Amino acid sequence: MALFSNKMPPLVGLDISSTAVKLLQLSGGDGRYKVENYAVEPLPANAVVEKNIAEVEAVGEAIGRAVKRSGTRAKHCALAVAGSAVITKVINMPADLTEADLDSQIQIEANQYIPYPLDEVSLDFEVIGPMPGNPEMMQVLLAASRTENVDIRVAAAELGGLTAKAVDVEAFAMENAFVLVADQLGIDPKARVAIVDVGATMTTLIVLNEGRTIYTREQVFGGKQLTDEVMRRYGLSYEEAGLAKRQGGLPESYEQEVLEPFKDAMVQQVSRSLQFFFSSSEFDSVEHVVLAGGCASINGVADLVQQQLAIPCTIANPAANMSVAPRVRAQALGADAPSLMIACGLALRSFD
Numbered sequence: 040m041a042l043f044s045n046k047m048p049p050l051v052g053l054d055i056s057s058t059a060v061k062l063l064q065l066s067g068g069d070g071r072y073k074v075e076n077y078a079v080e081p082l083p084a085n086a087v088v089e090k091n092i093a094e095v096e097a098v099g100e101a102i103g104r105a106v107k108r109s110g111t112r113a114k115h116c117a118l119a120v121a122g123s124a125v126i127t128k129v130i131n132m133p134a135d136l137t138e139a140d141l142d143s144q145i146q147i148e149a150n151q152y153i154p155y156p157l158d159e160v161s162l163d164f165e166v167i168g169p170m171p172g173n174p175e176m177m178q179v180l181l182a183a184s185r186t187e188n189v190d191i192r193v194a195a196a197e198l199g200g201l202t203a204k205a206v207d208v209e210a211f212a213m214e215n216a217f218v219l220v221a222d223q224l225g226i227d228p229k230a231r232v233a234i235v236d237v238g239a240t241m242t243t244l245i246v247l248n249e250g251r252t253i254y255t256r257e258q259v260f261g262g263k264q265l266t267d268e269v270m271r272r273y274g275l276s277y278e279e280a281g282l283a284k285r286q287g288g289l290p291e292s293y294e295q296e297v298l299e300p301f302k303d304a305m306v307q308q309v310s311r312s313l314q315f316f317f318s319s320s321e322f323d324s325v326e327h328v329v330l331a332g333g334c335a336s337i338n339g340v341a342d343l344v345q346q347q348l349a350i351p352c353t354i355a356n357p358a359a360n361m362s363v364a365p366r367v368r369a370q371a372l373g374a375d376a377p378s379l380m381i382a383c384g385l386a387l388r389s390f391d
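Numbered by the working numbering, the letters in the sequence shown go through residues 40 to 391 in order.
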């Protein structure tokens with residue numbers, strides 16, 4: 040299964056996260072898109088653990104429910120593997136290689152960078168462009184993942200009635216979707232921007248410079264910690280705690296004693312992730328922070344990040360400038376939008 044691919048049939052973006060399956064289908068093109076179908080379907084607890092599918096049948100059933108609820112007639116999807124499951128490397132190759140020669144040479148070069156037998160790996164590459172300062176050479180992005188990581192996602196999609204036509208990397212899918220966010224916010228697409236996706240169990244930082252991902256890092260931190268604290272403090276089940284977080288009904292002490300400390304911890308996590316980037320790269324600043332993931336919707340957290348870091352901070356909404364089909368509930372889409380960056384980036388593969 041290719042990690043990069045060429046012209047795609049009509050497909051849906053399918054993001055399998057730790058707590059939900061997110062499905063999004065777009066129509067249109069040339070920067071003017073319409074949300075045709077969309078659904079977010081919860082997953083059973085521990086069906087996916089830290090972005091690794093543990094119960095493929097349960098995930099497949101959730102995908103099937105999402106397909107049905109969304110109303111899509113598409114039979115193909117694009118999905119993604121987590122950055123922690125992928126090895127990426129930019130390598131320099133002679134610019135005059137034919138496609139066949141490049142493919143052969145990549146197989147030889149891959150042995151230097153991949154610590155697994157090549158017959159256990161799904162491998163693909165994409166030409167980035169000429170090597171700066173040396174037009175006789177070109178830069179090629181190599182991406183590889185253990186085949187089992189790809190196969191289990193493909194199998195889950197098939198159980199849900201979809202055929203995977205493209206397998207991407209989560210960070211690259213967010214990079215794809217960021218073009219829409221940058222346009223909406225008036226951010227220079229070539230600016231150095233940090234996208235911080237705070238999900239249920241994992242926080243992912245990707246840094247873009249001149250439109251390309253230059254850094255990714257995953258940390259175990261997410262909204263499940265808030266849910267667990269609500270369960271412990273108020274004696275609720277996991278489902279009840281999740282519902283109470285979204286719909287309210289918790290005691291007055293919740294905001295001051297539970298929510299505010301979590302928001303502070305989230306701000307510290309964003310700050311710490313950026314410090315790791317600064318300490319391991321030639322850069323010591325970013326021009327903008329974009330918050331994504333389910334936790335980005337927590338009231339006031341973007342303002343706290345902006346105050347703490349003294350960097351403009353915005354909540355991601357890749358669908359902000361899109362029109363919406365009558366069957367799509369615009370209010371629900373708006374609420375879920377910050378967590379749809381990966382699904383949106385994958386859905387855009389229809390227009391490659």
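Idealized CB from N, CA, C, for every residue including glycine.
Predicted model only: the values in this text are computed from it and were never measured.
query: Residues sharing a beta bridge with S184, DSSP; result: V125 and S161
query: Y72 beta carbon less than 8 Å from that of L63; result: no
query: Buried versus exposed call for F316 [16 or more other C-beta atoms within 10 Å across all chains shown]; result: buried
query: Residue of L180, G288 and V160 minimising C-alpha distance to V166; result: L180
query: Which of helix, strand or coil DSSP assigns to M40; result: Because the pLDDT at M40 is just 48, under 50, the model does not fix this residue reliably, and the point stays unresolved.
query: Contact under 8 Å by Cβ, A233 with V87; result: no
query: Inter-residue spacing [alpha-carbon to alpha-carbon] between A182 and V125; result: 7 Å
query: Endpoints, the beta strand (DSSP E) within which M241 is located; result: M241 to N248
query: Segment limits, beta strand (DSSP E) that includes D54; result: V51 to I55
query: Test item: CB-CB of G19 and V106 under 8 Å; result: Since the displayed the chain opens at 40 and closes at 391, residue 19 lies outside it and no answer follows.
query: Selected residue, minimal CA-CA separation from D8, among Y277, F217 and K114; result: For residue 8 there is no data in the structure shown, the boundaries of the chain being 40 and 391.
query: Simplified DSSP state of D391, which is helix, strand or coil; result: coil
query: Environment of G225 [buried if 16+ CB atoms lie within 10 Å]; result: exposed
query: CB of V95 within 8 Å of CB of L162, strictly; result: no
query: Member of L50, L298, V309 and V79 whose CA lies at the smallest distance from the CA of T58; result: V79
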